[in-house]
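Structure record follows, encoded as C-alpha cells.
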Amino acid sequence: MHDIKWIRDHPDAFDAALRRRGLSGEAKRLIGIDERRRAAIQTSEAALARRNAASREIGAAKQSNEEQRAQTLMAEVAKLKDDIPHLEAQAKAAGDELDKALAEIPNLPLEEVPDGADETGNVEHHHFNGKRNYAFTPKQHFELGEGLGQMDFETAAKLSGARFVVLKSGLARMERALGQFMLDIHTSEPHNYTEVSPPILVRDDAMFGTAQLPKFRDDQFSVHAGLVGQGRSNAAEDASHFWLIPTAEVPLTNLVRGSIVDEAELPLRYTACTPCFRAEAGAAGKDTRGMIRQHQFTKVELVSITTPEQSMDEHERMLACAEEVLRRLDLHYRVVTLCTGDMGFASQKTYDIEVWLPGQNMYREISSCSVCGDFQARRMNARYRPKGGGEKGGGAKGGLPRFVHTLNGSGVAVGRALIAVMETYQQDNGSIAVPEALQPYMGGAKIIERKQ
Numbered sequence: 021m022h023d024i025k026w027i028r029d030h031p032d033a034f035d036a037a038l039r040r041r042g043l044s045g046e047a048k049r050l051i052g053i054d055e056r057r058r059a060a061i062q063t064s065e066a067a068l069a070r071r072n073a074a075s076r077e078i079g080a081a082k083q084s085n086e087e088q089r090a091q092t093l094m095a096e097v098a099k100l101k102d103d104i105p106h107l108e109a110q111a112k113a114a115g116d117e118l119d120k121a122l123a124e125i126p127n128l129p130l131e132e133v134p135d136g137a138d139e140t141g142n143v144e145h146h147h148f149n150g151k152r153n154y155a156f157t158p159k160q161h162f163e164l165g166e167g168l169g170q171m172d173f174e175t176a177a178k179l180s181g182a183r184f185v186v187l188k189s190g191l192a193r194m195e196r197a198l199g200q201f202m203l204d205i206h207t208s209e210p211h212n213y214t215e216v217s218p219p220i221l222v223r224d225d226a227m228f229g230t231a232q233l234p235k236f237r238d239d240q241f242s243v244h245a246g247l248v249g250q251g252r253s254n255a256a257e258d259a260s261h262f263w264l265i266p267t268a269e270v271p272l273t274n275l276v277r278g279s280i281v282d283e284a285e286l287p288l289r290y291t292a293c294t295p296c297f298r299a300e301a302g303a304a305g306k307d308t309r310g311m312i313r314q315h316q317f318t319k320v321e322l323v324s325i326t327t328p329e330q331s332m333d334e335h336e337r338m339l340a341c342a343e344e345v346l347r348r349l350d351l352h353y354r355v356v357t358l359c360t361g362d363m364g365f366a367s368q369k370t371y372d373i374e375v376w377l378p379g380q381n382m383y384r385e386i387s388s389c390s391v392c393g394d395f396q397a398r399r400m401n402a403r404y405r406p407k408g409g410g411e412k413g414g415g416a417k418g419g420l421p422r423f424v425h426t427l428n429g430s431g432v433a434v435g436r437a438l439i440a441v442m443e444t445y446q447q448d449n450g451s452i453a454v455p456e457a458l459q460p461y462m463g464g465a466k467i468i469e470r471k472q
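The sequence shown: position 392 = 412 (our numbering), numbered continuously.
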C-alpha cells in the first residue's frame, strides 16, 4: 500500500516509477480521489461542529427567552442531524475508493533495479559451481521418478486432478529430508531464524496484508468450512471462509500485523516449512509434465521484519542464507536480479536463485528473495517504536511509531530442490545418488534405486 501523502508531495516521481513497471501514471487520479475524500471529511466535520455549537446556542437562547431564535436553531440542528450521516457516508465512500485504488497498485522499484519488460531483462548477479558433464543423456525428473516407481502422476490425477503427484519410498523420504535439512540450516548459527509452525488456513486480512488480495484472488484456493452447496458466495462476509496459503510468507509476515514492536526486538527472523497451494490460474499449458508447477507443494520460507535502515543489508543476508542450502547440496545455480517488468507485485527489489536442471537443460527458479520496504507494513499496520528521539521522534518511551520493513524469500522450494537433486545426481542406470549432506537425514542411505 502506498502513502497518499507521499504521492501528493512527489507525483512525478510516483508516476515515473510506475512507468518503469510498464504502467501508466496514477498520481493525478489518486490525488483527485484524495481531494474529494478530504473535502468530504472537512464538510462532515464542519457540519458536526456546527451542530454542536447550535445545540449549545439553543440553551442560551431559551435562557434569554429568545423563543424564535431557539426554534430556528432547533430546526437547524434537526436538519444537520439528518445531513451528517449522509456527509459521513460520502467521506467513507471516497476513503474506500482511495483505499481500493491504492491496494491495486504495485510497489515501486528501487533505483538500482534494472529496467526491462520481462524475464529477458533480468541481470545475472553471480553463479556457483559449473554444469556437470554426463557420459549419458540426462533424463528429466519425471522420467527418473516414474522409472524408479516412486513418482506417480496417474494415481494423483485420479485422487485430485492435474498438477498433483504421489511420491513414494525413497523419493518421499528425500522430500521430507530436504525440508528438515533446510530448517536445520536456517535455525542454527549463523542464520538464527526462529522456526514457526503456522496455520495454513488464513482469513482475508492476512492475504490482503501480504498483497495476495485483492489483485491475485484468482490464483488462490478458497475454502468454506461445511458450506459446500449452501449458496454462500460472499467470502468477505462469511466467518467460515478461509484461504489456503500460497506461501508461508502470508502467516509469517502477518505475525506482526496490527502490532507496535520495540526497535530493540528487530530484526525478527522467521522460518517455516509448510504445504503451499496455488491455483496456477494463468499457467494453462505451462509445465504440464512433472513437478515444476503443482497446485500443492512444500516450501521452506524465510521472513524478516526490520527497520528501514536494516532492510537492504537484510536482503543480502537473506539471499546468502537461501544460497547456503544449494551450496551444501553442491548444486549449480545462478543468481539474477529481476528487472522492473518481472518482479513481484509487493517487491521493491528481487533476487531469483535459478538452479540448473541437467534433464531440462535449463535454469529454473528455486528461490525468490524480495525486499518490500513498508509496502506490506502499511497494509498490515505493522509498526515499531524507535529508540531515542531525533528525527525518529521523541518521548520517554522512545520515538513515534514508524512502519517496519518486510522481506521474504524461499529457503528454498522443497519440491524443486528434489527435482534438482534427482536430475543432478542421476546415474546412468536411473538411480539417484544421495548428496552427502542429505545422507544423515536419509538414515545413511547413499542411493535411491528401484526396488526389485
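Note that beta-carbon positions come from the ideal geometry of N, C-alpha and C, so glycine has one too.
Give me the Cβ distance between residue i and residue j, rounded to the nearest whole Å; I'm assuming they're in contact under 8 Å.
| i | j | result |
| --- | --- | --- |
| Leu187 | Ile468 | No, Leu187 and Ile468 are not in contact; Cβ-Cβ is about 11 Å, not under 8 Å. |
| Ile290 | Leu264 | Per the sequence shown, the amino acid found at residue 290 is Tyr instead of Ile. Actually they do not touch by this definition, with Cβ atoms about 19 Å apart. |
| Ala457 | Arg348 | 5 Å |
| Asp476 | Ala137 | Outside the modelled stretch of the chain, which goes from 21 to 472, sits residue 476, for which no answer is possible. |
| Tyr461 | Phe148 | With a Cβ gap of about 22 Å, Tyr461 and Phe148 do not count as contacting. |
| Phe297 | Phe228 | Their Cβ separation, rounded to whole angstroms, is 18 Å, which puts Phe297 and Phe228 out of contact at 8 Å. |
To the nearest angstrom, how far is the alpha carbon of residue i from that of residue j?
| i | j | result |
| --- | --- | --- |
| Arg71 | Ile53 | 27 Å |
| Leu233 | His352 | 35 Å |
| Thr327 | Glu132 | 20 Å |
| His261 | Glu269 | 20 Å |
| Gly141 | Arg384 | 16 Å |
| Gly310 | Val432 | 19 Å |
| Phe365 | Val323 | 17 Å |
| Asp116 | Val243 | 26 Å |
| Thr294 | Phe395 | 24 Å |
| Val454 | Gln314 | 24 Å |
| Pro218 | Leu164 | 33 Å |
| Ile205 | Leu286 | 21 Å |
| Ala60 | Asp102 | 16 Å |
| Gly435 | Ser279 | 34 Å |
| Glu166 | Ser451 | 11 Å |
| Asp238 | Ala226 | 16 Å |
| Leu203 | Arg193 | 16 Å |
| Gln380 | Ala440 | 10 Å |
Specify the secondary structure class of residue i as computed by DSSP and reduced to three states.
| i | result |
| --- | --- |
| Asn72 | helix |
| Gln372 | One detail in the question is off: residue 372 reads as Asp in this sequence, not Gln. Note: Asp372 maps to strand in three-state DSSP. |
| Arg348 | helix |
| Glu46 | coil |
| Cys296 | strand |
| Met21 | coil |
| Ile439 | helix |
| Ala37 | helix |
| Leu97 | Checking the displayed sequence, the identity of residue 97 turns out to be Val instead of Leu. Helix. |
| His161 | helix |
| Leu288 | strand |
| Gly52 | helix |
| Asp204 | helix |
How should residue i be labelled, buried or exposed, when 16 other C-beta atoms within 10 angstroms of its C-beta is the threshold for buried?
| i | result |
| --- | --- |
| Thr175 | exposed |
| Glu343 | buried |
| Asp135 | exposed |
| Val14 | As shown, the chain starts at 21 and ends at 472. That puts residue 14 outside it, with no answer to give. |
| Ser44 | exposed |
| Thr308 | exposed |
| His22 | buried |
| Asn49 | Going by the sequence as given, residue 49 is Arg instead of Asn. Arg49 is exposed by the Cβ-count criterion. |
| Met400 | buried |
| His211 | buried |
| Trp376 | buried |
| Asn127 | buried |
| Asp29 | exposed |
| His335 | buried |
Given 8 Å as the limit, tell me if residue i has its C-beta closer than that to any heavy atom belonging to the ligand GDP.
| i | result |
| --- | --- |
| Met363 | Absent from the structure shown: the ligand GDP. Ligands present: none. |
Inter-stretch contact (C-beta, 8 Å, three-pair minimum) for the stretch 417-434 and the stretch 153-162:
no
When you compare the stretch 77-89 with the stretch 33-44, are there three or more beta-carbon pairs, one atom per stretch, that lie closer than 8 Å?
no
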